[in-house]
Amino acid sequence: MNRLRVARLTPLELLLSLMSLLLGTRPHGSPGPLQCYSVGPLGILNCSWEPLGDLETPPVLYHQSQKYHPNRVWEVKVPSKQSWVTIPREQFTMADKLLIWGTQKGRPLWSSVSVNLETQMKPDTPQIFSQVDISEEATLEATVQWAPPVWPPQKVLICQFRYKECQAETWTRLEPQLKTDGLTPVEMQNLEPGTCYQVSGRCQVENGYPWGEWSSPLSFQTPFLDPEDVWVSGTVCETSGKRAALLVWKDPRPCVQVTYTVWFGAGDITTTQEEVPCCKSPVPAWMEWAVVSPGNSTSWVPPTNLSLVCLAPESAPCDVGVSSADGSPGIKVTWKQGTRKPLEYVVDWAQDGDSLDKLNWTRLPPGNLSTLLPGEFKGGVPYRITVTAVYSGGLAAAPSVWGFREELVPLAGPAVWRLPDDPPGTPVVAWGEVPRHQLRGQATHYTFCIQSRGLSTVCRNVSSQTQTATLPNLHLGSFKLWVTVSTVAGQGPPGPNLSLHLPDNRIRWKALPWFLSLWGLLLMGCGLSLASTRCLQARCLHWRHKLLPQWIWKRVPDPANSNSGQPYIKEVSLPQPPKDGPILEVEEVELQPVVESPKASAPNLLWV
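To convert, note that position 333 of the sequence shown is 559 in this note's numbering; the numbers rise steadily by one, no gaps.
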């Protein structure tokens with residue numbers, strides 16, 4: 227226990243007291259090495275000071291009443307190595323004014339301080355009730371009820387409150403400060419959904435000093451809100467069978483892990499996807515509307531319903547234009563209204579090659595027909611930009627366009643190939659498009675060049691809409707052809723070379739007689755060969771019948787019935803013996819004598 231006594235001062239002690247008074251008195255409330263204040267309206271007096279250099283020799287504090295007992299001086303012994311001391315309530319009078327100073331080894335330590343016990347009182351902490359009301363109108367707002375510390379009702383306290391996120395280190399103080407004569411609830415505005423917050427408060431006497439201690443913080447959780455900014459990425463209105471759409475939404479609180487429930491519907495059909503992570507969900511085919519809500523949502527505000535119905539093309543914006551903004555890192559987009567006025571416009575953009583979930587979008591009122599896309603865009607990088615008109619009954623999107631913040635020189639040239647000659651002997655070539663990430667801008671024109679041995683290179687520019695070229699009146703020989711593409715920033719490098727060769731047709735006519743002669747000799751040789759072959763075939767056929775067995779040269783040989791294994795026996799046909807003929811009756815007739823007539827003599831007979 228501290229040793230307290232009423233000091234009966236010796237002449238030396240009185241001299242030291244006078245010296246401390248002569249050093250000056252610091253006004254209350256001003257910073258200094260010695261600070262004293264009472265705790266509560268009926269509490270003790272607490273004094274503290276900066277640590278002294280000599281910790282072994284304890285200091286001695288003195289306090290003297292300046293209002294009720296000016297001749298009474300109290301001495302307070304301080305324990306060794308301690309830089310504070312408390313003065314009990316019975317050592318001073320309510321609403322008194324005290325003069326306090328200190329000594330060490332008989333030497334004064336600081337300037338004396340004057341303490342007004344009516345104003346230099348440190349109140350207890352206010353009480354904050356656990357019931358927190360949260361409003362979900364334009365922004366999240368929290369209202370907290372509180373009660374002041376125990377205090378005489380005739381004296382007014384000023385209380386200050388602060389709040390912060392639970393994981394944060396820095397507090398935000400609320401303004402204005404509140405008074406206890408009219409208890410106004412504590413209001414916190416612009417809170418984040420799904421976030422843990424802490425709130426605490428402290429009080430001080432009006433026009434007094436110092437502030438009381440901060441109360442223990444009260445923690446509360448804000449509810450999760452339904453995402454208001456829901457959009458669709460991809461070709462939701464594609465009819466060619468390549469429909470790929472993704473429902474996307476902006477995370478209301480990126481630091482909080484939230485799962486969502488997504489509903490899709492068309493007519494009487496409704497599909498539900500639960501525990502969907504943030505912030506995308508594939509859109510099933512032929513769905514007409516979509517709704518997204520947090521899985522543990524307690525909001526009474528109805529979730530946003532996004533219509534996925536595709537409206538007629540004439541309702542979509544037209545004449546969409548893209549240009550770079552001078553002195554700005556963004557991209558400027560302009561368009562014209564369709565046949566009717568929409569509820570709003572949505573302009574979305576994505577870098578070439580990005581997936582569907584890497585989409586950015588912004589919403590604009592129906593009166594806006596242009597916008598400067600926010601964000602950091604890279605020079606030479608193509609961005610796909612789409613302007614969509616949103617109606618109560620669906621969506622109408624304009625064809626996507628490609629935009630650049632800054633156009634650069636292309637990195638490559640197009641590839642060239644040869645098409646069939648048209649007419650024969652006149653080469654026709656075609657070339658492809660340079661990939662967008664290598665084109666790095668909008669193509670203004672193509673340049674194709676022809677180079678031949680001994681001749682200078684000839685180049686010609688063609689429109690960016692042209693990708694074929696006919697090459698008439700070329701002389702005979704070999705050529706090299708290449709194509710370059712240009713943007714507003716300049717001409718790119720040439721693409722791969724195409725080699726062309728036009729042969730001399732006159733050489734063919736000179737060789738024609740030799741070719742015909744050779745062809746005639748070939749035909750003659752074939753004829754002779756055929757004739758000799760037929761003759762040889764006839765001879766072979768004769769010998770075949772002579773030498774080979776019959777079953778071999780027959781059309782269908784029959785070796786089973788062949789007698790080729792037997793000795794050769796020639797069959798000879800013998801005359802048949804006469805058979806008994808019919809019996810005829812013959813009548814003999816008497817022969818008459820024959821008288822020979824004299825023969826005529828022959829002329830020119832030769833006699834021997």
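We treat Cβ as the ideally placed atom computed from N, Cα and C, and that holds for glycine.
Compare the beta carbon distance of PRO349 and PRO379 with 8 Å and say whether it is the shorter of the two.
Indexing the sequence shown from 1 puts residue 349 at position 123. Indexing the sequence shown from 1 puts residue 379 at position 153. Taking 8 Å as the Cβ cut-off, PRO349 and PRO379 do not qualify as a contacting pair.
Which parts of the stretch 561 to 644 are runs of the beta strand (DSSP E), unbroken and 3 residues or longer, counting only runs that do not cross its ends?
570 to 577, 586 to 590, 596 to 599, 609 to 617, 620 to 623, 627 to 629
Determine contact between the stretch 534 to 546 and the stretch 619 to 633, defined as no fewer than three beta-carbon pairs at a distance below 8 Å.
yes
Tell me which residue opens and which closes the alpha helix (DSSP H) that ARG662 is part of.
Here residue 662 refers to the residue found at position 436 of the sequence shown. Element bounds for ARG662: 662 to 665.
On the CB-based measure, 16 or more other CB atoms within 10 Å of its CB, does LYS307 come out buried or exposed?
Numbered from 1 along the sequence shown, position 81 holds the residue referred to as residue 307. That one is exposed.
Leaving out five residues on either side along the sequence, give the residues of the same chain with a beta carbon under 6 Å from the beta carbon of PRO824.
Here the question's residue 824 lines up with position 598 in the sequence shown. Per-residue confidence for PRO824 stands at a pLDDT of 41, beneath the threshold of 50, marking its modelled position as unreliable; the derived number appears in the next sentence. Hits under 6 Å: none found.
Does the Cβ of ALA538 have 16 or more other Cβ atoms within 10 Å, making it buried, or fewer, making it exposed?
As a working note, residue 538 is residue 312 in the sequence shown. Classification of ALA538: exposed, given that the 10 Å Cβ count is below 16.
Extent of the continuous beta strand (DSSP E) run through HIS727
In the sequence shown, counting from the first residue as 1, residue 727 sits at position 501. 724 to 728 is the span of the beta strand (DSSP E), which, as asked, contains HIS727.
Between which two residues does the beta strand (DSSP E) carrying ASP686 extend?
Here residue 686 corresponds to residue number 460 of the sequence shown, with the count starting at 1. In the sequence as presented, Asp is not what sits at residue 686; that position holds Arg. First-last of the beta strand (DSSP E) with ARG686: 684 to 689.
Helix, strand or coil, according to DSSP, for ALA715 in the structure here?
Walking along the sequence shown from the start, residue 715 turns up at place 489. In this structure, ALA715 counts as coil in the three-state DSSP scheme.
Mapping the DSSP letters down to three states, classify GLU395 as helix, strand or coil.
Your numbering for residue 395 matches position 169 in the sequence shown. In the structure shown, GLU395 sits in coil (DSSP, three-state: anything other than H, G, I, E or B).
Span separating the alpha-carbon of CYS392 from that of VAL311
Working through the sequence shown from its first residue, we reach residue 392 at position 166. Working through the sequence shown from its first residue, we reach residue 311 at position 85. Approximately 35 Å, taken between the alpha carbons.
By the three-class DSSP mapping on this structure, what secondary structure does GLU454 have?
Taking the sequence shown and counting its residues from 1, one reaches residue 454 at position 228. Here GLU454 sits in coil by DSSP.
Could you tell me the alpha carbon to alpha carbon distance between ILE313 and ALA321, rounded to whole angstroms?
If you number the sequence shown from 1, residue 313 lands on position 87. If you number the sequence shown from 1, residue 321 lands on position 95. Their Cα atoms are separated by approximately 15 Å.
Would you kindly report the start and end of the unbroken beta strand (DSSP E) that includes THR329?
The sequence position of residue 329 within the sequence shown is 103, counting from 1. THR329 -> beta strand (DSSP E) spans 323 to 330.
Verify whether the separation of the beta carbon atoms of VAL509 and ASN531 is less than 8 Å.
By 1-based counting over the sequence shown, the position of residue 509 is 283. By 1-based counting over the sequence shown, the position of residue 531 is 305. Cβ atoms of VAL509 and ASN531: not closer than 8 Å.
Reducing DSSP to helix, strand and coil, say where PRO449 ends up.
Counted from its first residue, the sequence shown places residue 449 at position 223. If DSSP states are grouped into helix, strand and coil, PRO449 belongs with coil.
Would you mind sorting ILE676 into buried or exposed? The rule is 16 or more other CB atoms within 10 Å of its CB.
What you label residue 676 is simply residue 450 of the sequence shown in a count that begins at 1. Buried, by the Cβ-count rule.
Rounding to the nearest angstrom, what Cα-Cα distance links GLY266 and SER442 in this structure?
Position 40 of the sequence shown, counting from 1, holds the residue named residue 266. Position 216 of the sequence shown, counting from 1, holds the residue named residue 442. Rounded to whole angstroms, GLY266 to SER442 spans 18 Å at the Cα level.
For the beta strand (DSSP E) containing ASN342, name the first residue and the last one.
As a position in the sequence shown, residue 342 is number 116, starting the count at 1. Element bounds for ASN342: 338 to 342.
Using a Cβ-Cβ cut-off of 7 Å (strictly less than) and excluding sequence neighbours within five positions of ALA695, which residues of its own chain qualify?
Reading the sequence shown from its first residue, position 469 is the one you call residue 695. The residues are VAL655, PHE674, VAL688.
Bridge partners of ILE495, per DSSP?
On the sequence shown, residue 495 is found 269 positions in, with the first residue counted as 1. DSSP output for ILE495 lists ALA492 as bridge partner(s).
Distance CB(THR485)-CB(PRO503) smaller than 8 Å
Residue mapping note: residue 485 aligns to position 259 of the sequence shown, counting from 1. Residue mapping note: residue 503 aligns to position 277 of the sequence shown, counting from 1. The answer is yes: Cβ separation under 8 Å.
Is there a Cβ from chain C that is less than 8 Å from the Cβ of GLY491?
In the displayed structure, chain C is absent; only one protein chain is listed.
Cβ shell of SER274 (< 7 Å), same chain only, five flanking positions each side left out:
Locating residue 274 in the sequence shown gives position 48, counting from the first residue. Contacts found: GLN261, SER309, TRP310.
Across which residues does DSSP place PHE674 in a beta bridge pair?
Here residue 674 refers to the residue found at position 448 when the sequence shown is read from its first residue. According to DSSP, which records beta bridges pairwise, PHE674 is partnered with ARG686, VAL709.
Please state if the CB of THR396 and the CB of LYS405 are separated by a distance shorter than 8 Å.
By one-based count along the sequence shown, residue 405 stands at place 179. By one-based count along the sequence shown, residue 396 stands at place 170. The answer is no: Cβ separation not under 8 Å.
Can you tell me whether ARG298 is helix, strand or coil according to DSSP?
Taking the first residue of the sequence shown as 1, we reach residue 298 at position 72. Coil.
Sort GLY703, LEU287, MET414 by Cα distance to PRO334 and report the nearest one.
Taking the sequence shown and counting its residues from 1, one reaches residue 334 at position 108. Checked all of GLY703, LEU287, MET414; the closest Cα to PRO334 is LEU287.
Measuring only the C-alpha atoms, how far is THR693 from GLY751?
Position 467 of the sequence shown, counted from the first residue, corresponds to residue 693. Position 525 of the sequence shown, counted from the first residue, corresponds to residue 751. The sequence as given places Gln at residue 693; Thr does not occur at that position. Computed Cα separation, rounded: 54 Å.
Does the Cβ-Cβ distance between GLN346 and TYR423 come in under 8 Å?
Counting from 1 along the sequence shown, the entry for residue 346 is found at position 120. Counting from 1 along the sequence shown, the entry for residue 423 is found at position 197. Not in contact: GLN346 and TYR423 (Cβ atoms no closer than 8 Å).
Assigned exposure category for LEU724 - 16 Cβ within 10 Å defines buried
Counted from its first residue, the sequence shown places residue 724 at position 498. Buried, since its Cβ has 16 or more Cβ neighbours within 10 Å.
In terms of alpha-carbon separation, which member of GLY606, GLN317, ASP647 lies closest to TRP628?
One-based indexing of the sequence shown puts residue 628 at position 402. Measuring from the Cα of TRP628, the nearest candidate turns out to be GLY606.
Alpha carbon to alpha carbon, what distance is there between LYS706 and GLU570?
Counting from one through the sequence shown, the residue named residue 570 turns up at place 344. Counting from one through the sequence shown, the residue named residue 706 turns up at place 480. Taking the straight line joining both Cα atoms gives about 55 Å.
Span of the beta strand (DSSP E), counted from its first residue to its last, around LEU287
Mapped onto the sequence shown, residue 287 falls at position 61. From DSSP, the beta strand (DSSP E) with LEU287 extends over 286 to 291.
DSSP beta-bridge partners for PRO314?
Indexing the sequence shown from 1 puts residue 314 at position 88. According to DSSP, which records beta bridges pairwise, PRO314 is partnered with nothing at all.
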